[in-house]
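Worksheet: the structure to be examined is printed underneath.
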Amino acid sequence: MISIKDVQHVAKLARLSLTEDESRQYAEQLSRIIDYFDELKSVDTEGVEPMSHPIAAVNVLREDEVCPSLPREVLMANAPLRDGNFFRVPKIGE
Amino acid sequence: MSKSQLIGRTIAELHSLIKAKETSCLEITEAHIEAIEKGDERLGAFLSYTFDQARAAAAHWDERLSNGEAVPLLAGVPVAIKDNMCEVDTRTTCGSKILENFVSPYRAYAVEKLHEAGALILGKTNLDEFAMGSSTEHSAYKVTRNPIDPDYVPGGSSGGSAAAVGAGFCVTALGSDTGGSIRQPASYCGLVGMKPTYGMVSRFGLVAFASSLDQIGPFARNVEDCALTLLAIAGHDKRDSTCLSQSYRDQHAKPALTKAFIQEFKSRSAEENLKGKRIGIIKELIGDGIDDDVKAPILKAAALLEKCGARVEEVSLPHAKYALSVYYLVATAEASANLARFDGVRYGHRNMDAAELHAMYYATRNEGFGAEVKRRIMLGTYALSSGYYDAYYKKAQQVRALITADFHKIFENFEMVVSPTAPSAAFKFGAKSDDPIQMYMSDIASIPANLAGLPGISLPCGLADSNMPVGIQLVGRPMSDASLLQAAQGLETALDLKLVAEKIKSN
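So the protein lines, in turn, are chains A and B. Counting in the working numbering, the final residue of the first sequence is number 107, and the numbers go up one at a time with none missing. Counting in the working numbering, the final residue of the second sequence is number 751, and the numbers go up one at a time with none missing.
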């Protein structure tokens with residue numbers, strides 16, 4: 014069972030602020046979904062290596078070479094707010 | 245040649261018309277633009293149109309072809325791309341408010357490859373927000389309707405691409421498939437849809453949902469066009485480190501997918517394409533939880549495979565019943581990390597009222613994400629959070645390994661397995677939108693291939709009681725994409741269905 018307090022904690026980790034109504038709704042829905050997932054507890058996974066990826070991952074390296082990147086102006090074009098060549102954000106902390 | 249005569253054509257048909265100078269790339273483009281202008285308001289397949297770019301590309305290819313140059317793979321072929329793939333000079337929204345005005349500075353690899361192959365990209369198609377959904381009802385912008393019957397959903401999350409191909413707005417389209425988002429809508433709309441082997445197509449420029457599961461693939465009205473489109477977009481790309489290297493492809497893809505191989509299987513009879521193939525039918529996906537009116541056409545198709553010389557036997561995927569739980573833990577955990585980048589700082593929506601940075605993050609994400617995306621971010625964050633990681637995320641990864649091992653055991657004796665693509669045919673709007681678990685259930689048969697990284701293809705094999713199409717899914721060994729397409733061609737020839745072709749004519 015996921016409590017409203019759990020939901021609010023998780024929401025904070027995910028940088029989502031929920032209304033009380035939303036918190037209640039998510040607590041109910043997430044509890045049902047997590048209850049469903051509890052079926053996994055019955056599977057014997059003793060000694061099974063967790064699979065994080067379908068391809069047996071090995072490091073993919075490239076030469077450390079300088080190569081061209083997109084022009085700054087192109088990359089800045091989507092900035093919600095800018096100050097010259099900087100992304101402008103509200104002040105950090107109180 | 246009248247415009248309507250150019251609609252509903254295959255790639256081969258269009259190419260022979262172009263070669264015979266009975267039409268041009270520009271005429272083909274205009275014909276499809278007209279079809280979209282006539283029908284898309286009702287269907288809602290597209291989120292944005294790129295008609296002028298398509299016209300310019302058509303003029304470019306017409307000129308090159310008139311100079312006697314060879315016709316590239318998709319020259320003059322109208323296509324559409326799901327709006328989670330980056331294209332320049334137009335928006336890439338992912339069906340989300342948080343990217344409402346985002347214009348990508350670069351192109352996705354698969355989109356680059358379409359341009360190189362001469363395809364004419366007509367626009368970007370609707371999807372469930374960030375590809376999270378199974379009905380295209382979760383787009384922040386609009387719903388997309390099923391071209392076979394507008395009361396039904398087209399499936400999802402690539403519902404816009406499926407509807408566009410099904411309605412004859414384009415010949416093929418790209419979707420992305422994380423848990424069935426190409427195959428399930430293909431099944432709901434009576435189309436061929438394929439998720440290639442993981443790593444076959446670069447994910448560069450595909451906005452990430454769940455990186456270990458996402459794969460780009462084609463929709464088409466027949467197997468041949470599906471194969472040609474996959475051939476155009478497959479290939480090694482160093483900008484995606486999970487994209488398979490050329491030497492790996494050369495070593496493991498036997499037979500390799502080439503134009504000659506596609507033309508060869510297209511020209512063969514059903515028996516020639518299927519004889520001697522060892523095909524397993526997954527008993528866990530043909531029993532409880534699968535609608536009777538889906539089972540019946542699947543079993544008929546399996547009998548047809550046998551009649552054509554394949555050896556069909558029942559096989560077991562004992563951990564299949566856990567696939568849904570595994571998928572929703574793995575996919576949401578990866579999504580919660582991938583979607584952390586949407587913070588309002590460098591691109592996308594930003595709440596301009598917040599006076600402090602953290603308040604800006606919260607307000608931006610709250611306004612930008614829809615309910616289903618928030619639900620999945622919450623679920624994934626929970627699964628990864630301290631105290632629950634071992635019980636949920638790690639456990640899911642272990643069961644994922646068991647499901648993959650089940651497949652590999654089957655593949656010791658069988659070349660491929662068949663099952664329904666989805667447990668039911670298309671449903672009506674609103675039927676499942678209030679119950680997340682019911683909605684998630686519609687992916688039960690398609691998810692296992694994503695978890696194991698295997699190629700899967702869905703093709704129509706009959707009709708359910710509602711007269712909506714039923715899709716049969718073939719899943720093969722890793723790198724067996726070409727053989728899978730060959731078998732799908734065999735079944736398509738044997739079935740001789742004309743579901744979509746007739747629908748386009750009647751519109």
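Heads up, the beta-carbon is just placed ideally off N, CA and C, and yes, glycines get one too. A quick note: this is a predicted structure, and the numbers were derived from the prediction, not measured.
For R75 of chain A, the closest Cβ of chain B is nearer than 8 Å.
By the criterion of a C-beta distance shorter than 6 Å, T737 of chain B is surrounded in its chain by A514, once the five residues flanking it on both sides are discounted. The C-beta distance from Q733 of chain B to T665 of chain B rounds to 17 Å, too long to meet the 8 Å contact threshold. Chain order gives the chain A residues near P680 of chain B as Q42 and I46, where near means a beta carbon separation below 7 Å. For the pair of segments examined, the stretch 564-572 of chain B was found not to touch the stretch 540-554 of chain B: the number of CB pairs separated by less than 8 Å stays below three.
D494 of chain B and T416 of chain B have their C-alpha atoms spaced approximately 27 Å apart.
For I47 of chain A, the enclosing alpha helix (DSSP H) starts and ends at E33 to F50. Apart from the 5 residues on each side of it in sequence, N582 of chain B sits with its Cβ closer than 8 Å to the Cβ of A452, F453, A454 and S455 in its chain, given in chain order. Under the 10 Å beta carbon count, H602 of chain B is surrounded by fewer than 16 other beta carbons and is classified as exposed. Contact between the stretch 314-327 of chain B and the stretch 358-367 of chain B is present: 3 or more CB-CB pairs across the two stretches fall below 8 Å.
Spanning the alpha carbons of Y432 of chain B and I691 of chain B requires a straight line of approximately 16 Å. Any Cβ of chain B closer than 8 Å to the Cβ of V79 of chain A would place that residue at the interface, and such an atom is absent. For I272 of chain B, the closest of B:I534, B:F290 and B:R299 by C-alpha to C-alpha distance is B:R299. Each residue's CA atom was taken as its position, placing A545 of chain B and C705 of chain B some 7 Å apart.
Here T648 of chain B carries a helix assignment [DSSP, helix/strand/coil]. For E558 of chain B, the uninterrupted beta strand (DSSP E) segment begins and ends at R555 to V559. Contact fails between the stretch 519-539 of chain B and the stretch 604-624 of chain B, because fewer than three Cβ pairs, one in each stretch, are under 8 Å apart. The closest CA to that of E278 of chain B, considering only B:V397, B:A411 and B:K521, is found on B:A411. B:E285 is the residue among B:V662, B:E285 and B:K368 whose C-alpha sits nearest the C-alpha of N390 of chain B.
Look at T388 of chain B here: in three-state DSSP terms it is coil, with no helix or strand label. Residue ranges of uninterrupted beta strand (DSSP E) with 3 or more members, entirely inside the stretch 310-391 of chain B and ordered along the chain, are 322-326 and 364-369.
If you draw a 10 Å sphere on the C-beta of N98 of chain A, you find fewer than 16 other C-beta atoms in it, and that means exposed. No Cβ-Cβ contact shorter than 8 Å links S702 of chain B with R465 of chain B.
Secondary structure at Y571 of chain B: helix, using DSSP grouped into helix, strand and coil.
Contact of T369 of chain B with chain A is not assigned, every C-beta pair being separated by 8 Å or more. P93 of chain A is classed as buried because its beta carbon has at least 16 other beta carbons within 10 Å across all chains shown. Per DSSP, the unbroken beta strand (DSSP E) holding V661 of chain B starts and ends at M660 to P664. Under a criterion of Cβ atoms nearer than 7 Å, the residues of chain A adjacent to G697 of chain B are, in order, P67 and I68.
Positions of the alpha helix (DSSP H) runs, each at least 4 residues long and wholly inside the stretch 583-664 of chain B, are given as 601-612, 615-628 and 639-654 in order along the chain. Between the C-alpha atoms of Y492 of chain B and G697 of chain B there is a straight-line separation of about 15 Å. When C-beta distances to chain B are compared with 8 Å, the residues of the stretch 85-98 of chain A below that value are V87, L88, A90, N91, A92, P93 and L94, in chain order. Between the alpha carbons of F509 of chain B and P499 of chain B lies a distance of about 12 Å. With a 10 Å radius around the Cβ and a threshold of 16 neighbouring Cβ atoms, Q490 of chain B comes out exposed. For M712 of chain B, the three-state secondary structure derived from DSSP is coil.
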